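If you read the sequences in order, they're chains A and B.
In case it helps, the numbering used here puts the first sequence at residues 9 to 656.
In case it helps, the numbering used here puts the second sequence at residues 111 to 432.
All remarks here apply to the structure that follows.
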Amino acid sequence: MADPRNAEPLPLPPFALLITGAALTVASHTLWLPYWVDAAAAALLIWRAIASIRGAALPARWLLILLTFGGAVGVFFSYRTIMGRDPGVTMLVLLLFLKLLETRARRDVFVVAFLVYFVALANFFYSQSIPIAGLMLLTVLVTTTALVGFSAPQRPVLEDLKTAGRMLAQAGPVMLLLFFLFPRVQGPLWGMPQDAYSGVNGLSDTMSPGSISSLSLSDAIAFRVKFETELPPRTRLYWRGPVLSDFDGRTWRVGLPQLRRNMSVEAAGSPADYEVTLEPHNRNWMFALEMPTRIPPNARLTSEYLVISPTPIRSRMRYEMRSYPQFQAPSGANPEDLAQALGLPRGVNPRARTLASEWRESLPDNAAIVRRAVEFFRGSRFEYTLQPPLLGENSVDEFLFDAKQGFCEHFASSFVFLMRAAGVPARVVTGYQGGDTNPVDGYMVVRQADAHAWAEVWLAGGGWTRVDPTAAAIPVRVELGITAAAPAGQSLLMRTNLNWLKGLRNNWEALTNQWNQWVLGYNPDRQREMLAWLGVRQPNWETMTLMLFWSVAGVLLLTGLWLLRGIRRGDAVQRAWLRFCDKLAREGLARARAEGPLDYASRVARTLPASEDSARAIAALYVDQRYGPDPDARSIARLKRLVREFSP
Amino acid sequence: MKLDRVLQYSQAYNFFQWVFGKHAPEPGVVFLSQRRVYILPTRHGLIFGVALILMLIGSINYNLSLGYVLTFLLAGLGIVSILHTFRNLAHLYVSAGRVAPVFAGDTAQFELVLENKSDFDRHSLDLTCRGTKVSCNAPAHQHCSVVIPVKAGKRGWLQLERVTVDTRFPLGMMRAWSYVQPDMRALVYPRPDSAPLPPAHAEADAGDSVSSGAGTDDFAGLRPYQTSDSPHHVAWKSSARSELLLTKLFAGRTASELWFDWDSLPAGMLTEARLARLARWVVLAEERSLRYGLKLPGVNVPLGEGFPHRDRCLKELALYHG
């Protein structure tokens, strides 16, 4: 189709907006894109802008094809593949800017606009925060303004902006209905590219020196908790994560946890009921306060008292739990488990082994050895630091006797090593300790920085018992949290003592929480809950589609009425007259082209003597109102009534 | 016909009437009621739809809540643009403006007046007739006039053909259009050939006996200037001395009165060639401010001068039916 509009030069103001839209949509991608892509995108953008301003010629097609090919090769060398999410988005960004360089006509404008929308969507792979959402809304507004500008050249940009803004506002209700009522399916629809979740961080299934202290620098939120019962004291807020029982001298790894049906917990004190909103971390485990007794329906409890989900947690997830902060945990100690909890690599850390065997010989039982070890940690003047010195092959020895500086993983690892060397079954537990309650919405926020590692020993009388060597050596860590424990000068991001900043931050995080709960966390379950609240008990595809259809139709009807409200004001007289003419035309008495109203009425009177009076009255009224001074409402009403009653 | 009356309210019926039926030209003001405004997505609109489906699949696959938000917002935008595009065209009044006569082979300029009686501006209204497209904007409560150029082929009446009024405002993803055929026609004169004016005496012989009157050869006196007099004949020197503008009068054998007679043309000439020749003479005679008359079989235009006279002669030539 050769649309002549395709040959017209592109108007400059909307084109400038289109370029702005492209820049906005890529803005947050530049943070993770390879540097050469950022540079190439900027260069292409500047090239295009200069070409537009100077009216210079655009590059030839062969050059663009060459550049595209070069881009693909560059992507391949950056990622070693061109499949997958990140290479795909990178390629999309390059294509967007190359297409801008090829944009000469209106049809290209649409391609660019659609690419902008695609790249905007791709932003959400990396962040779905409120600022990014705002940025993308701005992108859509700017790009839509550009499209309006292209369809009405010579119009002031401000007017285009108003039109685009109005249209987006009118699209809002439709968007909300679709968002809440469109039948939701839990993704993925097919296998995901391997790198789909590369961005998420959190605890892993291994622990080596430095792995938790690196997490401690992250202020990212791990999960939020809403307590229905009273908040347990801070020193009991141990959020249980992966349990590590294999040690190779440097790194702790998870053992082979088995699913158990009857894991018992002997409770003391009152239970804590709470709801956790867990951020996706691409692992199976779900964090619970020690020790959980009631877990979500589809979750399982392992022999290590770890709650796990059947699939990796890849989207924000909500679940309810009950735990007893004071407990005894006697299960999960069959002979294999205990044997695993005693295993040590040969030949490393001789000084620690010597110390442990001294304890074994001098002390009567396991409980006494544990007490002695806790004394040892309490009395040895350890220093808590985020930047521990590098440790060599005998990491436990070096930490315990030489450096004496470390983070929780050093404490936990050394303690469990000592216990095992002394013949006490022990294992490392990782998870989070503590959490801050946001006064704005009452949610407790647990951050990556709260990541912690502690130890668990098996005692014949009490089952698996928690021992936190960090708490023994550095009591502040557990009593007041990591901010207080870390020495001044080792800045923990955002961990500030300024009160106004804290208040601001609490408000912001409460807002983010609402955003997470209602926008980002809106999944098939939430949708079912909401429909049940609306009175739809068992929603199926048919009812949901019908609801969606009728509600959207209703909203569109209202929007249409609103839009058309000013469409035919001020010509009631003309409409009445045309209706009169229509009635007569159906009887074969159409008004001739040059026939005046009074002549027409006379002709009608001659042909249809029965309607003479009314026809003449209508024509006279019409002439008065049409050509006389402004007619009053009553005479218009009279004309309308006469026309309505007129039947030839 | 009862059925016809019911069908008038059907948009599809109206549409097929316009596309396949013979639609009579509509006199007076044409009102683009909602029944005759059709709307469909453009090619870009369809591609946009496909893009939205891809975005939706991506959002489902990656569980992107904001992906849903973006996709549905854009879908809402597309749906709302249907209303906006429709509104931009519906309830517009189209009426015939002026069109001047032209010679065959030239372009007739049909003027259409679009009246927007609504409270909002309408933008980028395109009028297409036989592949020629012109655009205009109609601000609220204002008229805009559009000139559609149409190539005039043959002499006679040139009826304006069906005009498509369409718009893609505001996003270009929807196209609303309507067909109108205002009752509007242009008079097309025969195209003059390139012959010179005939020698006056030939006409004088064939013409009436009035040829002894004013000529252009010998000066015969002065008379007050009349608006139809040629500026060449104004006696500027004499006028300067008197209060009045004066026109020189000439007398002589070469009469300034010409009769253009169909029958005086060579017998072998075809009808259209004769008309072209006569049109040429009329045009030349008028340029030289002569008095002339026209004789066609069955038609006789008496002697006269001035543009109304010229147009009357040319009209007779245009509408001549041999």
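No residue lacks a Cβ here, since even glycine has one placed at the ideal position from N, Cα and C.
Since we're looking at a predicted model, the values are computed, not measured.
- Residues of the same chain with a CB within less than 8 Å of the CB of A214 of chain B, apart from the 5 flanking positions on each side, are A262, G263, K264, R265, V298, Y299, P300, R301 in chain order.
- Those residues of the stretch 163-184 of chain B placed with their C-beta closer than 9 Å to a C-beta in chain A are L164, M165, L166, I167, G168, S169, I170, N171, Y172, N173, L174, S175, L176, G177, Y178, V179, L180, T181, F182, L183, L184, ordered along the chain.
- Ranked by how close their Cα comes to the Cα of E397 of chain B, the residues B:R420, B:P292, B:P249 have B:R420 in first place.
- DSSP, reduced to helix, strand and coil, places W523 of chain A within a helical segment of the structure shown.
- Neighbours of A161 of chain B in chain A, taken as residues whose beta carbon is under 8 Å from its own, are F122, Y125, F126 in chain order.
- For S421 of chain A, no beta strand (DSSP E) encloses it; the enclosing alpha helix (DSSP H) starts and ends at 416-429.
- Interface criterion not met: the Cβ of G207 of chain B is under 8 Å from no Cβ in chain A.
- Taking a 10 Å sphere around the C-beta of Y43 of chain A, we find fewer than 16 other C-beta atoms and assign the residue as exposed.
- DSSP, read as helix, strand or coil, puts G403 of chain B in strand.
- DSSP, reduced to helix, strand and coil, places I149 of chain B within a strand of the structure shown.
- Between V251 of chain A and G439 of chain A, the alpha-carbon positions lie close to 9 Å from each other.
- Sequence-ordered contacts of the stretch 210-233 of chain B with chain A read K227, S228, D229, F230, H233 [C-beta pairs closer than 8 Å].
- Not a single CB atom of chain B sits nearer than 8 Å to the CB of D458 of chain A.
- Residue range 549-571 is occupied by the alpha helix (DSSP H) that includes G568 of chain A.
- The Cβ atoms of F133 of chain A and Y172 of chain B lie closer than 8 Å to each other.
- In the structure shown, the three-state DSSP call for S374 of chain B is helix.
- Looking at the DSSP output, T217 of chain B bridges to B:K261.
- Per the C-alpha coordinates, the member of B:L156, B:L174, B:P341 positioned closest to Q194 of chain A is B:L174.
- Inter-residue distance for M452 of chain A and A540 of chain A is about 28 Å (C-alpha atoms, whole angstroms).
- For V81 of chain A, the closest of A:V45, A:Y246, A:A230, A:A24 by C-alpha to C-alpha distance is A:V45.
- S228 of chain B counts as buried, since no fewer than 16 other beta carbons sit within 10 angstroms of its beta carbon.
- Beyond the five residues adjoining it in sequence on each side, A286 of chain B comes within less than 6 Å, by CB distance, of V147, I149, T195, F196, L199, T277 in the same chain, given in chain order.
- Judged by pairs of C-beta atoms under 8 Å, the stretch 163-170 of chain B does not touch the stretch 647-654 of chain A, as fewer than three such pairs exist.
- Each of B:V209, B:C254, B:M283 was checked against the Cα of I157 of chain B, and the nearest Cα belongs to B:M283.
- Against L149 of chain A, chain B offers no close residue; the least beta-carbon distance is about 10 Å (beta-carbon pairs closer than 7 Å).
- Relative to the Cα of L108 of chain A, the nearest Cα in the group A:R545, A:V124, A:A337, A:R93 belongs to A:V124.
- A contact between stretches requires three or more CB pairs, one per stretch, nearer than 8 Å, and the stretch 368-388 of chain A meets this requirement with the stretch 470-477 of chain A.
- Taking a contact as a CB-CB distance under 8 Å, the pair L394 of chain A and F415 of chain A counts as one, their CB atoms being some 6 Å apart.
- Boundaries for F231 of chain A: no alpha helix (DSSP H) harbours it, while the beta strand (DSSP E) harbouring it runs 229-235, taken from the DSSP string.
- The residue among A:A518, A:G442, A:R330 with its C-alpha nearest the C-alpha of R242 of chain A is A:G442.
- Bridge partners of V244 of chain B according to DSSP: B:L237.
- With respect to the 8 Å criterion, P137 of chain B and R594 of chain A are not classified as neighbours on the basis of their beta carbons.
- With contacts defined as CB atoms closer than 8 Å, Q456 of chain A and A228 of chain A qualify as a contacting pair.
- Residues of chain B with a Cβ closer than 7 Å to the Cβ of S159 of chain A are, in chain order, S234, R278, F279, P280, L281, G282.
- Take E328 of chain A, set aside five residues on each side of it, and the residues of its chain with a beta-carbon closer than 6 Å to its own are E283, in chain order.
- In chain order, R601 make up the part of chain A whose C-beta sits under 8 Å from the C-beta of D293 of chain B.
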